[in-house]
Amino acid sequence: MYSLIGRSISRVNPKYNTRSCVMAIRQTVHDKTIDDMAHPKCLPLLGTKLDLMLAGGGTMLHKYIDKRHKELGPIFYEKLGCNTKLVFISDPLMIKTVFLSLEGKYPKHILPEPWVLYEKLYGSKRGLFFMNSEEWLINRRIMNKHLLREGSIEWLEDPIKSSVKKFVHTWKRRAEKGSTRVNLESDLYRLSTEVILAILAGANGSPNGVMHSEAMLSEFSETVKQIFQTTTKLYGLPLHICQRLNLKVWRNFKESVDASLH
């Protein structure tokens, strides 16, 4: 029913209690349409794109939606630069009701539009988060054999702990040398990459659980970071026009994805 369920962490307006939240969404689902939901005023064609841009653009979307929840309550819709009514929900019980009652047999993966367009144009096949329906279920069952069996968490502990230990040790060495300069975002992207590679390498990998050079690891983690940053910059823009005109904002995104795949 909904084109998007935005899950943002927000304090719910005091005038709404848990019971009324659940009843509100049930009433919305069964008796009303999305048109009856609370929503901000918007311009024809542009929607509320200008409001989002004035709030800082896509990188500030989480704060923008948090502010809307405080204004409009735990559920509302908004047109963020398109004709699609995007529904945002902040109350945990309402979110649970949606997923348990409305999601159906298969999950619906909400993917950034630039990622979907890239896959359509260049045929880059991705993993579970890009799959839907029966294709998702078949591949999910393959993973379940490894991830849901008894004791399945134990084999993940060592590579995760060793990667985090190495990460903390690196920061301590910097501090001992008197360096207080920290690029937190890049460091955390690198940590997540190290953890994934350490898990993939397993017991037969290198002593540190990672078989790649430091330079390659840094380059790849920076590329992943660039994918998310360039994706955010495309948010709210006419994506297909950006791609057809090969604008810089699209080229930057495409180049970062290309680099991560090759």
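Letter by letter, the sequence shown follows residues 57 to 318 in my numbering. Note that beta-carbon positions come from the ideal geometry of N, C-alpha and C, so glycine has one too.
A straight line joining the alpha-carbon of Glu169 with that of Leu295 spans about 8 Å. One Cα belongs to Gln299, the other to Trp306, and the distance between them is close to 6 Å. Approximately 17 Å separates the beta-carbon atoms of Thr288 and Thr104; this is outside 8 Å, ruling out the contact.
By the neighbour-count definition (other C-beta atoms within 10 Å, threshold 16), Val313 is a buried residue.
The distance from the Cβ of Lys141 to that of Tyr133 is about 4 Å, consistent with a contact at the 8 Å cut-off. For Ser189, the closest C-alpha among the options Leu256, Ile90 and Pro163 is that of Pro163. The shortest CA-to-CA distance from Leu128 to any of Gly113, Ile145, Asn302 and Asp243 is the one to Ile145. For Val313, the enclosing alpha helix (DSSP H) has its first and last residue at Lys304 to Leu317. For Val143, the uninterrupted beta strand (DSSP E) segment begins and ends at Leu142 to Ile145. Between the alpha carbons of Trp211 and Leu301 lies a gap of roughly 48 Å. The beta-bridge partner set that DSSP reports for Gly103 consists of Leu99. In the same chain as Val251, and ignoring 5 residues on each side of it, the C-beta atoms closer than 8 Å to its own belong to Pro215, Ile216, Ser219 and Val220, in chain order. Annotation: the continuous beta strand (DSSP E) that includes Phe132 extends over Ile131 to Glu134.
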